[in-house]
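Asker: Have a look at this one.
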Amino acid sequence: MDFVGIGALNLDHIYEMDERYYLEDMGLKEGEEVVFEERQEEMLKGRLALFGRLKKISPGGSAANTIHMLSLLGFKAGLFGALGKDREAETYLSLLGGEDRRKIVRRGRTSVAYIMDVKGGERTIVVVPKAHLKREDIDLSYLSEAHWIHMSSLPDEEGMVIQRLIKEELKGSVKFSIDPGRLYSVRGEAFLSLLSGMDVLFVTEKELSLIFGENEADAVSKALKLVRTIVVKRGQRGASLYGLEGELHAKAESVEKVDDTGAGDVLAGIFLGCMKRGLPPSLSLRLAVIGASLSVGGYGRESYPKKEDLERALEHLLVHDRKG
32 MDFVGIGALN
42 LDHIYEMDER
52 YYLEDMGLKE
62 GEEVVFEERQ
72 EEMLKGRLAL
82 FGRLKKISPG
92 GSAANTIHML
102 SLLGFKAGLF
112 GALGKDREAE
122 TYLSLLGGED
132 RRKIVRRGRT
142 SVAYIMDVKG
152 GERTIVVVPK
162 AHLKREDIDL
172 SYLSEAHWIH
182 MSSLPDEEGM
192 VIQRLIKEEL
202 KGSVKFSIDP
212 GRLYSVRGEA
222 FLSLLSGMDV
232 LFVTEKELSL
242 IFGENEADAV
252 SKALKLVRTI
262 VVKRGQRGAS
272 LYGLEGELHA
282 KAESVEKVDD
292 TGAGDVLAGI
302 FLGCMKRGLP
312 PSLSLRLAVI
322 GASLSVGGYG
332 RESYPKKEDL
342 ERALEHLLVH
352 DRKG
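For what it's worth, our numbering labels the leading residue of the sequence shown as 32, then goes sequentially.
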């Protein structure tokens, strides 16, 4: 196994909305990521039926999206997460690609994410967690087969404990990366203990400031005491890499955005795949930014770049570099 992803498995419902006011009516702020309890879900669904247009239902979860991207690139990639014993889980599974699903645990009801894209604005995400991993679900023999384990947030307290246990058991034999999202970025010391010793941290500028403070240079300096490499995702402005190689930046070309749900996860998947294949960090970052830009042309996973798309982009980059 090349990669295993550990994180929430959410069935994404992607909505388009015309006005920010509708978010405020639901008690939400544009651009935030929040967790709702199940009792709040019916209110949210009712409001979305009035104010939103459902554009796509897609498998989701940050680590799961990254694993899907790696699967598209031809890597052997598996998922460790929880789905319910319900129709939503069957929908989720039916929409997967080549990911190994042997360690998807089935219990309770499937978690759902409501993703709201306001025209000309930022996406807002409401996660309703339902199915959760338990410590007894950990299969170290399966996880130890992986070359790389990529993590994203699990919404309950036990989730981070499970991830920390896995990291401690397998450190030194498996590489680790994490994309914390906002849910982990506000967890303070609890998250820092999970982060310590990771090989790669993927964060947005906002998440970096939430974890380490507002000044980016100071935040990067603090982060590099805990991790080997930091990839800062800057949306339409590209991405930056900090680590042993120094400081690298890759600009994104201007593209028409339909939905950027999962674009950062695509970037992470391509970057990790390039690292696995031994490409230089600068080339890996540039190719990852290109792939992320391609992914925003449709809803959910429908516009994730294919292997041949990235092979063409890589050849173009190499020709450009040879010309100087």
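Glycine residues also receive a C-beta, built at the ideal position from the N, C-alpha and C atoms.
Being a predicted model, the structure only gives us computed values, none of them experimental.
#1: Enumerated in chain order, which unbroken segments of the beta strand (DSSP E) with a length of 3 residues or greater are wholly contained in the stretch 200-268?
#2: Pull up the distance between the alpha-carbon of residue 242 and that of residue 288, whole angstroms please.
#3: Answer yes or no: does any C-beta atom of chain C fall closer than 8 Å to that of residue 158?
#4: Report, in whole angstroms, the separation of the C-beta atoms of residue 209 and residue 182, which I expect to be a contact under 8 Å.
#5: Take the Cβ of residue 159 as the centre, count every other Cβ of all protein chains shown within 10 Å, and call the residue buried at 16 or more, exposed below.
#6: Expressed to the nearest angstrom, what Euclidean distance is found between the alpha-carbon atoms of residue 330 and residue 286?
#7: Would the stretch 311-324 and the stretch 68-78 be scored as touching if the rule is three or more Cβ pairs under 8 Å?
#8: On a CA-only basis, which of 291, 349, 348 and 311 is nearest residue 87? Give me that one, please.
#9: If you drop the 5 nearest sequence neighbours on each side, which residues of the same chain put their C-beta closer than 6 Å to that of residue 321?
#10: Who are the Cβ neighbours of residue 84 in its own chain at under 8 Å, not counting the five residues just before and after it?
#11: In whole angstroms, give me the CA-to-CA distance for residue 194 and residue 36.
#12: Put residue 131 into one of helix, strand or coil per three-state DSSP.
#13: Here's a check: name, in chain order, each residue in its chain whose Cβ is nearer than 8 Å to the Cβ of residue 154, leaving out the five neighbours to either side.
#14: Whole angstroms is fine: what's the gap from residue 281's alpha carbon to residue 110's?
#15: Pick out whichever of 144, 96, 105 and 106 has its Cα sitting closest to the Cα of residue 119.
#16: Count the other CB atoms within 10 Å of the CB of residue 188; is the residue buried (16 or more) or exposed (fewer)?
#17: Quick check: residue 259 and residue 283, are their CB atoms within less than 8 Å of each other?
#18: Identify, in the order they occur along the chain, each residue of the same chain with its Cβ nearer than 6 Å to the Cβ of residue 78, setting aside the five sequence neighbours on each side.
Answerer: According to the structure data:
#1: 206-210, 231-235 and 260-264
#2: 28 Å
#3: Looking for chain C here will not work: only one protein chain is present.
#4: 4 Å
#5: buried
#6: 15 Å
#7: no
#8: 291
#9: 344
#10: 46, 47 and 48
#11: 11 Å
#12: strand
#13: 62, 146, 147, 148, 290, 291 and 292
#14: 29 Å
#15: 144
#16: exposed
#17: no
#18: 57
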